[in-house]
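For this note's numbering, add 145 to where a residue sits in the sequence shown, where the first one is 1. What follows is a single structure, written as structure tokens, with notes after it.
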Amino acid sequence: MNQWIQIHVTLYHLDFPQILEDEYHGWLSPRVVDDFTAFADACFREFGDRVRHWTTMDEPNVIAIAAYDSGAFPPCRCSAPFGMNCTAGDSTVEPYTVAHHSILAHAAAVRLYRDKYQATQGGVVGMNIYSFWNYPFSPTPADVAATQRSLDFMVGWILDPLVKGDYPEIMTKKAGSRIPSFTKEQSELIRGAIDFVGINHYTSVYVSDGKSGADASLRDYNADIVKE
């Protein structure tokens with residue numbers, strides 16, 4: 146601050162407390178919403194006089210996939226054939242559950258800040274999303290649709306609920322009962338619960354339509370993106 150550097154604070158970046166992971170499996174439990182909100186409250190209260198830009202979470206879409214589908218990130222949960230060397234997990238369901246609770250936790254923290262702190266502290270609260278930028282491999286309708294589908298699953302998965310109050314229609318259609326639904330009250334809580342969007346963009350890709358070639362009964366996030 147003495148050097149006129151604008152402070153941006155990220156509340157959660159792959160550093161979930163192990164004690165809560167052991168107690169109720171962390172992001173898999175709805176209990177995480179209240180605990181995350183309490184943590185955010187403490188941070189807003191103690192540091193809000195100096196911080197004007199708050200990011201609740203960094204790349205919740207990546208955390209959901211890498212930690213609960215492929216099992217590459219802690220707590221390393223997955224299930225065959227989607228992940229390797231995991232001792233527990235369900236790659237078909239858990240990524241969607243984790244993202245769902247992440248969205249609710251973020252929104253609860255935003256509403257808390259707006260109700261309790263924003264008028265006096267004058268800050269803003271947002272979230273960072275990981276995303277490629279996608280270009281159609283060809284101008285065919287199939288490739289154009291596949292490109293939009295990929296963006297819906299990567300970016301819309303998190304941002305559509307925070308802007309519109311629900312997941313992209315293509316996600317609920319493809320994932321079906323494996324993706325949780327928002328109640329009316331939850332939809333009202335999350336809609337508009339974002340002051341800014343951070344995009345972590347590392348590369349762009351070309352997207353073409355295709356088939357996964359996998360057993361249709363075996364579905365995870367990645368298989369859901371592919372048109373069957």
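Think of the CB as a built atom: it goes at the ideal place given N, C-alpha and C, for glycine as much as any other residue.
Residue range of the alpha helix (DSSP H) that residue i falls in?
| i | result |
| --- | --- |
| residue 152 | Where residue 152 is concerned, there is no enclosing alpha helix (DSSP H), given that its DSSP letter is neither H nor E. |
| residue 292 | 286–296 |
| residue 186 | 176–192 |
| residue 366 | 366–370 |
What first and last residue would you give for the beta strand (DSSP E) that runs through residue i?
| i | result |
| --- | --- |
| residue 280 | 278–281 |
Taking all protein chains shown into account, do 16 or more other C-beta atoms lie within 10 angstroms of the C-beta of residue i, making it buried, or fewer, making it exposed?
| i | result |
| --- | --- |
| residue 341 | exposed |
| residue 319 | buried |
| residue 203 | buried |
| residue 350 | exposed |
| residue 260 | exposed |
| residue 206 | buried |
| residue 183 | exposed |
Note down the Cα distance separating residue i from residue j, rounded to an integer number of angstroms.
| i | j | result |
| --- | --- | --- |
| residue 226 | residue 311 | 29 Å |
| residue 238 | residue 284 | 33 Å |
| residue 301 | residue 249 | 15 Å |
| residue 335 | residue 291 | 27 Å |
| residue 168 | residue 162 | 10 Å |
| residue 309 | residue 159 | 27 Å |
| residue 305 | residue 218 | 25 Å |
| residue 201 | residue 170 | 20 Å |
| residue 258 | residue 324 | 28 Å |
| residue 181 | residue 230 | 29 Å |
| residue 186 | residue 326 | 26 Å |
| residue 255 | residue 338 | 6 Å |
| residue 166 | residue 240 | 16 Å |
| residue 368 | residue 146 | 46 Å |
| residue 288 | residue 264 | 47 Å |
Across which residues does DSSP place residue i in a beta bridge pair?
| i | result |
| --- | --- |
| residue 274 | 344 |
| residue 349 | 278 |
| residue 199 | 154 and 270 |
Check whether chain B comes within 8 Å of residue i, counting only Cβ atoms and requiring the distance to be less than that.
| i | result |
| --- | --- |
| residue 223 | The chain labelled as chain B is not found in the depicted structure, where only one protein chain is given. |
Okay, do the segment 329–347 and the segment 266–281 touch, 3+ Cβ pairs below 8 Å being the bar? The segment 329–347, when compared against the segment 266–281, does touch it at the 8 Å Cβ threshold.
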